[in-house]
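Here the structure comes first, spelled out in structure tokens, and everything after it is commentary.
Protein chains in written order, with our numbering: chain A, 1 to 157; chain B, 1001 to 1759; chain C, 2001 to 2084; chain D, 3001 to 3289.
This is how it looks when you write it as structure tokens:
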């Protein structure tokens, strides 16, 4: 099977990989590049566990072909923390118990970062609708929403 | 809150696995790989009910890259009797047929064959080359239909148990159970008010976000290593050993981080298949379910029918309570009808009770446990009927429940007499809550319902190891789904008198710690917590004896306080207190490594009660329900880590909201599941919900050193009825079937308004 | 003598419908042995998938649990948990 | 397994040539939010995937003759962020932005939504109400066609071999015009429309409706242009009588099915409910313009 050569940037690192046409970006991240922080909950764009940011837009990596990454800037959960320092969202999720099993957490964190990057002062309703594409079955969302609102407030200070 | 009694218990510390889980570092089921691993895939039945006349695997086996193809014949036959596998009572004849069909395919998605190949795409192609000759049979899905005399029978060997005389012909009714207290007929004879109704629930799925996944490596000498996302790796070991005739000591199971279970990951689907494929190929085999496979073939919970009749006096005293619960078990016997029957009236002190239950098979995947198995189904009927009674009596729904509330000394209809319980306290907490004291907004309505769960104890093992620097590793064997590492570490730190940060909890594999029953039944913080506390007590005994050796005094001259050994009194002589670090540093001189351990079958799990309040609005034109405010109050014993206790209440309530409003398995005429995905299996999303307020009522469980009661299951019991009751009070329409989805509610509203319906 | 309470279905099957019985014994095991002498087969039945509540406290797989002379010993179906 | 080719041409001519040469096995990749799901489920097994997102004309929004030309492959988010488009066609932009989650909106396009030919596509009823036309390029050159004529039935289009939907033309609006789109879903997000309805109308200074178009989705094999509903609105001040007449026309136009998302009875009823609600929103907006 002939493979496609792709050159892209992942979490600031210039990266090359070979993929088959039908491989999704999620397959490439997990299977080809060993970046298993993005999770597959459905493979159909309905759960958000595979959320990444591509050229500044938040998308489901299960609905993007690996081949489309050519020349793009990709950000994943693995790029959220800086060196020894967790991103404020990561820190707050731990402190406020905004995760239980943790499988949806990477997707929620990437989606929340995408929200705060474009809207540092979201209302609760805006947060809930922005995160509606991320399913969580453990928490009932309450502590997740509170954590995102809290981080937004602190980052505005 | 009783937190002030303790230094660590009751505080909100960061979970020990937090950093791993917010950085993507934590490894869940599908995140494990081995060099040279093969991809395993399952071929599933497209029919709800069919005889498998033959399976031709030759073409698939010949495909380049395919290393093995297996069918039911590759697994040993099992006896038709209940036996324990990993401490669970199961019928292995059924279990082996559920992981791989033999004579018949019994549901859409039933595994009929499996392949191992060098790549995903080759494995998929191979599945397409397996030829199965089916003889399609008539099927039956719903419990009412499955109980009919002329229903298609799934199992020719299935004769209803618990009925006299013994049936002469097979049926889909596996068993009938009955519970009685007093004489229900006498109760109804004197009742001044009677309410009666038939309620139904739709089958729903646990909906964990992580699909089932496993990685198996079987060596030529018969030893097996397995990684599995499971609620109980010791159960996985037990099932696999029985199903593959392996000794438990030959199977080493590592529980990966688990992306939700809610009861659905207490059984095996892929694990025995992956091991068999690995045995046949001599290579590691990885298997991961797609979301569609999860919905079609992994354990949902029952749909059911609940017939409820209540007789009461005008003052609200319930004098007769009667209900019949019939539950779908799926393709094999074993629905949670027992707990459904036992929990039905458990909240109430009623003189005369009769409860009858039926366990019914139908052409659906075998049900698995789902959070308080069975209880939400009977509660939907019972708590809705109670609300109808309250309306009929013109009585406040909480007052009605208070008047009949179970308390210490109440004899239940299933036998036991309650010890210390907190139902009254929980009802009062709800009654006095800011939510209940706030008037209902115009255009909105309020619903109330209660719920009960036993909670369980069961087997746990734990160890406490002291490192050379005096810090402590706490080793247990229960997968951490909702923060249990944190609660175990808090109890260990409290008991040992050291800083929470000095205690590191780990979840060990089946070869590295003694047996632990599943993470389920709301047992881990209670039972495994008890084992951890006892392991630490055992460790402290050893630490005291080491201090005694260092001081050259008798052991009983040493006490343990604030994480240090101290002389019991001045006449022991002048000794500087010995910290853990100091004792650890001298461990070699005083007898070597310092460890503690404990193993137990925890008894005396305290039951839990919950009361939920909901304010909602119904769109009269569309039947869409909007939840405006929600409060969950619960008797939680002692909240070891309040944040994760609140999280259990919030998560359970929202699962219940989904069950109430939109979640359901939808089957087409051919008996195929029509909505096997998150798009059309509608679990609540963030924008559907308000914040979920919680009230933690702390009535300590006398059966636990820190008063722990399980908290995980109660919260899914009340929501459906609470919402139905609010709808009834807001619209005058009593919904009796779940889910109360927009089309169904709209139809009911129009039926109540003939003019509108005529539009 | 402990007051033993049997499930209606078990009582019907083994004890002629009588649900409450006074049985001697200091442990659950001794109680079960006495029950089995009175109602042959019941002992074996109580060994599988049955929990016992001693004075309201549910025990699973209990065998050696102590029973006081005035205890209530209720046999009921074992409970399997749904998990979190 | 058949080898799937991937191409990302920079010009329309290349793209058309590739599609024409793929003897029916070619598939256009815009946002991929339908195509990848269908490939995964086996509903689609293309031999060639043509990614059109490197073609400028298909990925830009341009003002044209007082109206707008929206590239078929622009994402919902792009539309949402285009202030002028949002001001002129709030209903169309809402509709495009209701396609899936925020993640999906970063990818999903109106062209893909149209060519997927689902009767429940959210953007289509709004485009139909807007009187949008699509520009199609194929081996025989370019043609224009009303948006309602692209879908032929569930999953089927009237596009010829090698033809590609390039862009949507949204006409200039007279004063006192606006539009609205409403859909009914069981949840607040993440669902396919049980019924979707777009209304575009123009009011004169007296508040009388001088022009109207109604697009109705998920109640028939293709999205419907309900002319009788428009007739009922035109000439009225959108009083209850006119609205009820238009709602009745919408109910009458329904030829729905019972399925996992809704019943015939429910869909028919909701078509009327949405007409009244959407018309009210559009009218309120029109007064502001």
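Glycine is no exception: its CB is placed at the ideal position from the N, C-alpha and C atoms.
- Query: In terms of residues, what are the limits of the alpha helix (DSSP H) holding residue 92/A?
  - Reply: Segment 88-95, the alpha helix (DSSP H) holding residue 92/A.
- Message: Within 7 angstroms of any Cβ in chain B, is that where the Cβ of residue 3125/D sits?
- Response: It does not; no Cβ of chain B falls within 7 angstroms.
- Task: Take residue 1032/B as the anchor and find which of 1216/B, 1195/B and 1309/B has the nearest alpha-carbon.
- Result: Answer by Cα proximity: 1216/B.
- Query: Could you give the residue range of the beta strand (DSSP E) that holds residue 1437/B?
  - Reply: Judged by DSSP secondary structure, residue 1437/B falls outside any beta strand (DSSP E) and instead within the alpha helix (DSSP H) spanning 1434-1437.
- Task: Tell me whether the beta-carbon of residue 1766/B lies closer than 7 angstroms to the beta-carbon of residue 1684/B.
- Result: With chain B represented from 1001 up to 1759, any question about residue 1766/B goes unanswered, as that position is not in the structure.
- Output, in chain order, the set of chain A residues within a Cβ distance shorter than 8 angstroms of residue 3189/D. Within chain A, the residues near residue 3189/D are 129, 132 and 133.
- Assign residue 1016/B to one of two classes, buried (16 or more other C-beta atoms within 10 Å of its C-beta) or exposed (fewer than that). Residue 1016/B comes out buried.
- Query: Counting only beta-carbon atoms, is residue 3104/D nearer than 7 angstroms to chain A?
  - Reply: Yes, residue 3104/D lies at the interface with chain A (some Cβ there is under 7 angstroms from its Cβ).
- Task: Can you say whether residue 77/A is buried or exposed, counting buried as having 16 or more other CB atoms within 10 angstroms of its CB?
- Result: With a 10 Å radius around the Cβ and a threshold of 16 neighbouring Cβ atoms, residue 77/A comes out buried.
- Query: Is the Cβ of residue 1045/B closer than 7 angstroms to any Cβ of chain D?
  - Reply: It does not: the Cβ of residue 1045/B has no partner Cβ on chain D nearer than 7 angstroms.
- Task: Return yes when the Cβ of residue 3208/D is within less than 7 angstroms of the Cβ of residue 3176/D, no when it is not.
- Result: When the beta-carbon positions are compared, residue 3176/D and residue 3208/D stay at least 7 angstroms from each other.
- Query: Fully enclosed by the stretch 56-122 of chain A, which beta strand (DSSP E) runs are 3 residues long or longer?
  - Reply: If we require 3 residues or more, the beta strand (DSSP E) runs fully inside the stretch 56-122 of chain A come out as 57-60 and 73-75.
- Message: Residues of chain B with CB closer than 7 angstroms to the CB of residue 3186/D, please, in chain order.
- Response: Neighbours of residue 3186/D on chain B, chain order: 1662, 1682, 1741 and 1742.
- Message: Quick check on DSSP: helix, strand or coil for residue 2034/C?
- Response: Reduced to three states, the DSSP call for residue 2034/C is helix.
- Minimum C-alpha distance to residue 3289/D - residue among 3238/D, 3173/D, 3239/D and 3246/D: Selected option, being the one with the closest Cα: 3173/D.
- Query: In terms of alpha-carbon separation, which member of 1159/B, 1102/B and 1716/B lies closest to residue 139/A?
  - Reply: For the set 1159/B, 1102/B and 1716/B, the Cα lying nearest the Cα of residue 139/A is the one of 1716/B.
- Query: Excluding the five sequence neighbours on either side, which residues of its own chain have a C-beta within less than 6 angstroms of the C-beta of residue 23/A, listed in chain order?
  - Reply: Around residue 23/A: 66.
- Residue range of the alpha helix (DSSP H) that includes residue 1387/B: Annotation for residue 1387/B: the continuous alpha helix (DSSP H) segment containing it runs 1375-1393.
- Task: Report the neighbours of residue 2049/C on chain B: residues whose CB is nearer than 8 angstroms to its CB, in chain order.
- Result: Neighbours of residue 2049/C on chain B, chain order: 1082 and 1089.
- Message: Whole angstroms are fine: how far does the CA of residue 1130/B sit from the CA of residue 1744/B?
- Response: Distance between the alpha carbons of residue 1744/B and residue 1130/B: 42 angstroms.
- Message: Counting C-beta neighbours from all protein chains within 10 Å, is the total for residue 1475/B 16 or more, i.e. buried, or is it exposed?
- Response: Per the 10 Å Cβ criterion, buried.
- So, is the C-beta of residue 1118/B closer than 7 angstroms to a C-beta in chain D? No, because no Cβ of chain D sits closer than 7 angstroms to the Cβ of residue 1118/B.
- Contiguous alpha helix (DSSP H) assignments of at least 4 residues, all confined to the stretch 3036-3111 of chain D: Counting only runs of 4 or more residues that sit fully inside the stretch 3036-3111 of chain D, the alpha helix (DSSP H) segments are 3076-3080, 3083-3088, 3090-3097 and 3102-3105, in chain order.
- Query: What residue range is occupied by the uninterrupted alpha helix (DSSP H) comprising residue 1188/B?
  - Reply: Going by DSSP, residue 1188/B is part of the alpha helix (DSSP H) stretching over 1184-1190.
- Message: Does chain B have any CB closer than 7 angstroms to the CB of residue 154/A?
- Response: Not an interface residue.
- Using a threshold of 7 angstroms, state whether the C-beta atoms of residue 1616/B and residue 1627/B are closer than that. Residue 1627/B sits close to residue 1616/B, with the two beta carbons spaced by under 7 angstroms.
- Continuous beta strand (DSSP E) stretch holding residue 1134/B: start and end: Where residue 1134/B is concerned, the enclosing beta strand (DSSP E) stretches over 1131-1136.
- To the nearest whole angstrom, what separates the beta carbons of residue 1460/B and residue 1297/B, a pair I think is in contact under 8 angstroms? The C-beta separation of residue 1460/B from residue 1297/B comes to about 31 angstroms, leaving the pair out of contact by the 8 angstroms criterion.
- What are the complete alpha helix (DSSP H) segments, minimum 4 residues, inside the stretch 1138-1207 of chain B? Entirely contained in the stretch 1138-1207 of chain B, the alpha helix (DSSP H) runs reaching 4 residues are, in chain order, 1143-1147 and 1184-1190.
- Message: Just checking: is the beta-carbon of residue 136/A within a distance shorter than 7 angstroms of some beta-carbon in chain D?
- Response: Residue 136/A is outside the set of residues whose beta carbon lies under 7 angstroms from a beta carbon in chain D.
- Query: Applying the criterion that 16 or more other CB atoms from any shown protein chain within 10 Å of the CB defines a buried residue, is residue 1408/B buried or exposed?
  - Reply: Per the 10 Å Cβ criterion, exposed.
- Query: If you count every other CB in all the chains shown that lies within 10 Å of the CB of residue 18/A, and 16 or more means buried, which is it?
  - Reply: With fewer than 16 Cβ atoms within 10 Å of its Cβ, residue 18/A is classed as exposed.
- Query: Between the stretch 2055-2064 of chain C and the stretch 1406-1420 of chain B, do three or more beta carbon pairs fall short of 8 angstroms?
  - Reply: Contact between the stretch 2055-2064 of chain C and the stretch 1406-1420 of chain B is present, because at least three Cβ pairs lie under 8 angstroms.
- Task: Quick one: using the 10 Å Cβ neighbour count with 16 as the cut-off for buried, is residue 1613/B buried or exposed?
- Result: Burial of residue 1613/B is indicated by the presence of at least 16 other C-beta atoms within 10 angstroms of its C-beta.
- For residue 3254/D, name the three-state secondary structure that DSSP assigns. Shown here, residue 3254/D sits in coil according to DSSP, grouped into three states, outside any helix or strand.
- Query: Got a sec: which bits of the stretch 2029-2063 of chain C sit with their beta carbon under 8 angstroms from any beta carbon on chain B, in order along the chain?
  - Reply: Of all residues in the stretch 2029-2063 of chain C, 2048, 2049, 2053, 2055, 2056, 2057, 2058, 2059, 2060, 2061 and 2062 have a Cβ within less than 8 angstroms of some Cβ in chain B.
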